[in-house]
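See structure below.
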Amino acid sequence: VVFMAWSPKRDLIALANRAGEVLLHRLANFQRVWSLPPNENTGKEVTALAWRPDGKILAFGLTDTKRIILCDVEKPESLHSFSIDSSVTYMHWMDVTEESSVLTSFYNAEDESNLLLPKLPALPKNYSTTAKIFSEEKSDEIMKLLGDVRLNALVLGGSSGFIEIYAYGMFKIATVTGVAGSCRGLCLSSDLKSLSVITEIRDSSESEAEITYFQASNLDTSLLSSYLPEVTQMARKFTHISTLLQYIKLSLTCMCEAWEEILMQMDSRLTKFVQEKNTTTSVQDEFMQLLLWGKASLELQALLMNQLTVKGLKKLGQSIESSYSSIQKLVISHLQSGSEALLYHLSELKGMALWKQKYESLGLDASGIEEAITAVGSFILKANELLQVIDSSMKNFKAFFRWLYVAMLRMSEDHVLPELNKMTQKDITFVADFLTEHFNEAPELYNRKGKYFNVERVGQYLKDEDDDLVSPPNTEGNQWFDFLKNSTHLKESPLLFPYYPEKSLHFVKRQMEGVIDQCLQKPAVVIGKSVHQAVCMSLYKTSESEDSTPQLFKLPFLWNDKTSNIHYVLFTILENSISKIHILRRHTDTSRSVSNGIIAVEFGNFLNNSINESSDSRCYSCLDAHFYDDETVTVVLKESVEQEGKERVLAQLPLSSVYTDEDQDREFIWDSTKRLDEQSDEITTRTVFLENQWRVLENMKAQYVAVNGIRKVSCVLSSNLRHVRVFEMDVEDDGEVEEEEEEETT
């Protein structure tokens with residue numbers, strides 16, 4: 001196990017292991033809920049986990065593919081994922097608690113789009129793409145991505161000073177630059193006023209020992225907090241847009257699935273027929289002769305009777321009809337309603353961008369959004385063109401198959417039902433037109449696609465390739481096109497959506513996604529530039545001996561106290577072979593300093609076992625420490641005196657016992673030229689004797705701990721990363737303490 005993260009709302013713990021699996025376990029008897037094995041598309045090396053504050057979505061970062069995956073808590077399936085520029089080393093997802101009257105009214109106003117836009121129809125479940133993602137009852141999973149309207153922010157930190165903030169976990173609102181080193185810990189205050197970062201800087205000048213400095217930089221993000229209502233509204237719109245793009249993508253995947261390979265048979269059989277026949281008449285003429293004189297050449301007869309067969313023709317007709325009608329349904333109900341909703345949100349966004357005094361400083365750019373609107377328009381046009389192609393194809397194929405069916409029955413000298421036999425002059429013209437248009441040999445097509453014919457016209461729209469369409473729609477004599485051609489002013493008009501007659505639906509969709517992506521990028525850069533560093537201090541060097549353990553759990557640990565807006569940093573400094581825990585307090589408002597900003601804690605002897613009283617009372621090293629809640633720190637301790645059966649201890653350290661009022665006068669004077677570990681003698685040290693909030697961990701070399709103060713649970717991991725124990729922390733019991741304890745060897 002290399003990562004542990006408790007769900008903020010339920011008794012679930014997410015674990016990530018070396019194999020790249022992400023596992024979800026229940027607290028009760030550590031039962032596994034689901035596991036997500038590593039795969040090629042996502043990646044194999046998990047380096048960070050974070051829960052959305054409502055506990056419905058788990059985010060994890062992957063190093064090898066540089067992707068962030070948002071995963072549904074109910075099913076191990078990726079709902080949304082995005083790429084980033086650097087590998088992530090730390091993630092922190094928090095709620096924004098800052099209140100303002102504008103925000104409250106925005107949160108309470110039911111989303112207008114729900115009143116104005118029809119509800120998006122649920123995607124059908126009978127396709128493998130959607131069946132995997134959507135659970136049985138309802139398929140509003142896509143809407144689950146939107147989550148609650150209250151703003152939450154996912155902060156990512158990575159190697160080489162990479163820090164990004166994503167609103168709602170989906171829309172990038174800030175790219176922070178100017179931080180050196182790779183990120184070891186991040187914390188954004190809940191009023192968005194400041195961001196604390198701890199980074200590790202490797203000094204490459206000395207080859208044998210890599211020296212690492214830690215710096216806690218406090219970054220001032222006041223632009224975010226002062227424009228909070230605007231940022232929230234903008235982020236909400238962008239989240240809607242990302243969700244709709246995902247919806248459109250899934251609808252398109254379903255359409256590709258509905259289109260069956262059987263529809264290609266016609267083309268391949270006719271191509272084979274051309275290659276094998278030895279007469280000079282073209283295929284088109286062979287069919288024409290059959291139509292006019294009712295007699296077919298022997299070769300055509302062999303093709304129809306032996307290869308196609310009456311039964312095969314029926315099957316082909318049915319599959320074309322069912323396939324076309326389901327594609328048509330998907331276009332009308334899903335693609336069109338999705339892209340109309342997209343158009344609505346983009347237009348609203350454009351309205352925001354034009355309100356310059358509020359949104360201009362956040363980097364919203366109206367011209368970029370204008371382009372995005374145009375791109376969506378082109379996509380809608382393409383979808384409509386596909387509908388027309390399906391419509392005419394269905395008519396043509398019906399007439400053609402009906403006529404061919406009768407002709408084949410006659411060849412086999414079967415009885416033809418009288419109602420099938422009626423063929424008016426109009427029908428004959430119709431079939432003849434279809435033959436002239438669709439059955440002409442195209443040698444240049446053979447070089448491109450390896451076939452001479454393209455009878456079936458719908459599939460080409462669903463191919464995900466950059467090639468032009470094989471047979472684009474025929475626009476000759478179209479009055480609108482002629483009108484456009486001859487009018488000089490309309491050609492360049494911004495009111496008309498550009499139309500790409502040669503391109504497939506996929507191509508236009510990719511283009512649309514690219515343009516929308518482009519206009520979503522700008523705010524992040526603008527807001528990121530406004531972030532500036534307020535404080536920077538170097539803390540300590542790490543000893544190289546620890547490099548064997550994964551760097552994933554190691555201290556330092558950052559915590560944000562929501563009520564008083566104080567950031568705490570926990571770290572240990574090795575002093576006379578004892579790891580002493582230090583607590584650093586900083587107010588998020590950098591101008592106000594907190595008294596006794598740094599304090600060291602050592603643990604007095606509270607086990608009172610075989611050690612004789614005269615020995616040194618400082619006998620515990622701190623291995624790992626995490627904030628349990630705003631008042632308590634959970635620590636894992638080990639005895640530093642070498643002896644058999646050295647026990648590890650899990651303990652709760654109340655902050656009240658550390659921060660007492662008596663030493664207000666002894667203020668630690670920080671010498672910024674030196675590292676903190678070089679001036680550790682001046683730091684106030686508290687010796688704490690724990691009364692009852694501790695427990696010996698028998699037979700376990702405990703090393704790391706993950707806690708959840710809301711659910712009052714903790715999970716301890718051994719130093720070989722294979723044994724996990726789960727504890728309930730605040731169990732009220734009469735007389736003796738009994739704890740439910742589960743041991744699991746993973």
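UniProt numbering puts the first residue of the sequence shown at 1, with every later residue one more than the last.
Don't be surprised by glycine CBs; every beta carbon is placed ideally from N, CA and C.
Between Arg648, Asp95 and Leu623, which lies nearest to Lys580 when the distance is taken from Cα to Cα? Taking the sequence shown and counting its residues from 1, the one referred to as residue 580 is at position 580. Comparing Cα-Cα distances from Lys580 to each of Arg648, Asp95 and Leu623, the minimum goes to Leu623.
Beta-carbon gap between Asn565 and Ser81 smaller than 7 Å: Your numbering for residue 565 matches position 565 in the sequence shown. Your numbering for residue 81 matches position 81 in the sequence shown. Contact flag unset, no.
Can you say whether Val416 is buried or exposed, counting buried as having 16 or more other CB atoms within 10 angstroms of its CB? Within the sequence shown, residue 416 is the residue found at index 416, counting from 1. Burial call: exposed.
Quick one: residues in its chain with C-beta nearer than 7 Å to the C-beta of Ser222, no 5 flanking neighbours on either side, listed in chain order? Stepping through the sequence shown from its first residue, residue 222 is reached at position 222. Hits under 7 Å: Lys193.
Note down, in chain order, each residue of its chain lying with its Cβ closer than 7 Å to the Cβ of Val721, except the 5 sequence neighbours on either side. As a position in the sequence shown, residue 721 is number 721, starting the count at 1. Rather than Val, the amino acid found at residue 721 in this sequence is Leu. These residues qualify, in order along the chain: Val1 and Val2.
Would you check if the distance between the CB atom of Leu49 and the CB atom of Ala5 is smaller than 7 Å? As a working mapping, residue 49 is identified with position 49 in the sequence shown. As a working mapping, residue 5 is identified with position 5 in the sequence shown. Yes, these two residues count as a Cβ contact at 7 Å.
Would Asn306 be called buried (16 or more neighbouring beta carbons within 10 Å of its own) or exposed? Looking up residue 306 in the sequence shown gives position 306. Asn306 counts as exposed, since fewer than 16 other beta carbons sit within 10 angstroms of its beta carbon.
Helix, strand or coil for Gly185, going by three-state DSSP, please let me know. For the purposes of this step, residue 185 is identified with residue 185 of the sequence shown, where counting begins at 1. Strand, per DSSP.
Proximity below 7 Å, CB of residue 747 to CB of Phe603: Absent from the model: residue 747. The displayed extent of the chain is 1 to 746, so no value can be given.
Which residue spans inside the segment 37 to 115 form an unbroken beta strand (DSSP E) run of at least 3? 46 to 51, 57 to 62, 67 to 72, 78 to 83 and 88 to 95
So what does DSSP say about Asn596, is it helix, strand or coil? Locating residue 596 in the sequence shown gives position 596, where the first residue counts as 1. Only weak support exists for where Asn596 lies, its pLDDT of 49 falling under 50; the value from the coordinates is given anyway. Coil.
From Leu270, Val531 and Leu23, residue whose alpha carbon lies closest to that of Gln301: Walking along the sequence shown from the start, residue 301 turns up at place 301. Per the Cα distances, Leu270.
Locate the beta strand (DSSP E) running through Gln460, then write down its first and last residues. Residue mapping note: residue 460 aligns to position 460 of the sequence shown, counting from 1. Premise fails: Gln460 lies in the alpha helix (DSSP H), Gly459 to Leu462, not in any beta strand (DSSP E).
How about Ser538 and Arg686: do their beta carbons lie closer than 7 Å? Taking the sequence shown and counting its residues from 1, one reaches residue 538 at position 538. Taking the sequence shown and counting its residues from 1, one reaches residue 686 at position 686. No. Outside cutoff.
Look at the alpha carbon of Asn17 and the alpha carbon of Cys715, and state the distance between them as a whole number of angstroms. Along the sequence shown, read from residue 1 onward, the residue named residue 17 stands at position 17. Along the sequence shown, read from residue 1 onward, the residue named residue 715 stands at position 715. Asn17 and Cys715: Cα-Cα distance of roughly 15 Å.
Status (buried if at least 16 other CB within 10 Å, exposed otherwise) for His240: Here residue 240 refers to the residue found at position 240 of the sequence shown. Answer is buried; the Cβ neighbour count reaches 16.
Less than 8 Å between C-beta atoms, sequence neighbours within five positions excluded: which residues of the same chain meet that for Tyr227? By one-based count along the sequence shown, residue 227 stands at place 227. For Tyr227, where only same-chain residues beyond five positions count, the Cβ hits under 8 Å are Lys358, Ser361 and Leu362.
To the nearest angstrom, how far is the alpha carbon of Ile57 from that of His489? Residue 57 sits at position 57 when you count from the first residue of the sequence shown. Residue 489 sits at position 489 when you count from the first residue of the sequence shown. Spanning the two alpha carbons is a distance of roughly 51 Å.
Just to confirm the assignment, what range does the alpha helix (DSSP H) spanning Arg695 have? As a working mapping, residue 695 is identified with position 695 in the sequence shown. Going by DSSP, Arg695 is part of no alpha helix (DSSP H) but of the beta strand (DSSP E) stretching over Trp694 to Leu697.
Nearest to Leu495 by alpha carbon, out of Pro472, Gly377 and Pro473? Counting from one through the sequence shown, the residue named residue 495 turns up at place 495. Selected option, being the one with the closest Cα: Gly377.
May I ask you to verify whether the segment 497 to 511 touches the segment 469 to 488, counting CB pairs closer than 8 Å and requiring at least 3? yes
Quick one: is Glu492 buried, meaning 16 or more other Cβ sit within 10 Å of its Cβ, or exposed? The count along the sequence shown starts at 1 and reaches residue 492 at position 492. Exposed: under 16 other Cβ atoms inside 10 Å.
Using the DSSP secondary-structure output, state which residues sit across from Gly363 in a beta bridge. Residue 363 sits at position 363 when you count from the first residue of the sequence shown. Paired residue(s): none; Gly363 is not in a bridge.
Report the rounded CA-to-CA distance for Asn384 versus Gln521, giving the unit in angstroms. Position 384 of the sequence shown, counted from the start, is the residue given in the question as residue 384. Position 521 of the sequence shown, counted from the start, is the residue given in the question as residue 521. So the alpha carbons of these two residues sit roughly 30 Å apart.
At what residue ranges does the segment 322 to 378 contain a whole run of the beta strand (DSSP E), taking only runs of 3 or more? none
Which same chain residues, not among the five before or five after Arg711, have their C-beta less than 6 Å away from its C-beta? Translated into the one-based positions of the sequence shown, residue 711 becomes position 711. Hits under 6 Å: Asp11.
Rounded straight-line distance, which links the Cα of Gln328 to that of Ile163: The residue given as residue 163 occupies position 163 in the sequence shown. The residue given as residue 328 occupies position 328 in the sequence shown. Approximately 45 Å, taken between the alpha carbons.
Taking the alpha carbon of Gln265 as the reference point, which residue from Phe106, Lys315, Glu370 and Thr374 has its own alpha carbon closest? Within the sequence shown, residue 265 is the residue found at index 265, counting from 1. The residue with the shortest Cα to Cα distance from Gln265 is Lys315.
Buried or exposed by the 16-neighbour rule on C-beta atoms within 10 Å, applied to Ser251: One-based indexing of the sequence shown puts residue 251 at position 251. That one is buried.
Please state whether the Cβ-Cβ distance between Gly528 and Ala180 is less than 7 Å. Along the sequence shown, one-based indexing puts residue 528 at 528. Along the sequence shown, one-based indexing puts residue 180 at 180. Taking 7 Å as the Cβ cut-off, Gly528 and Ala180 do not qualify as a contacting pair.
Identify, in the order they occur along the chain, each residue of the same chain with its Cβ nearer than 6 Å to the Cβ of residue 750, setting aside the five sequence neighbours on each side. Past the boundaries of the shown model lies residue 750; the chain is included only from 1 to 746, so the question cannot be answered.
Exposed or buried, which one is Lys172 when buried takes at least 16 other CB atoms within 10 Å? Against the sequence shown, residue 172 aligns to sequence position 172. With 16 or more other Cβ atoms within 10 Å, it is buried.
What are the partner residues of residue 749, as DSSP defines its beta bridges? Absent from the model: residue 749. The displayed extent of the chain is 1 to 746, so no value can be given.
Is Glu492 helix, strand or coil by DSSP? On the sequence shown, residue 492 is found 492 positions in, with the first residue counted as 1. Residue state, collapsed to three classes: coil.
Using three-state DSSP, classify Tyr446 as helix, strand or coil. Within the sequence shown, residue 446 is the residue found at index 446, counting from 1. Residue state, collapsed to three classes: helix.
Below 7 Å between beta carbons: does that hold for Leu244 and Leu342? Counting from one through the sequence shown, the residue named residue 244 turns up at place 244. Counting from one through the sequence shown, the residue named residue 342 turns up at place 342. Yes.
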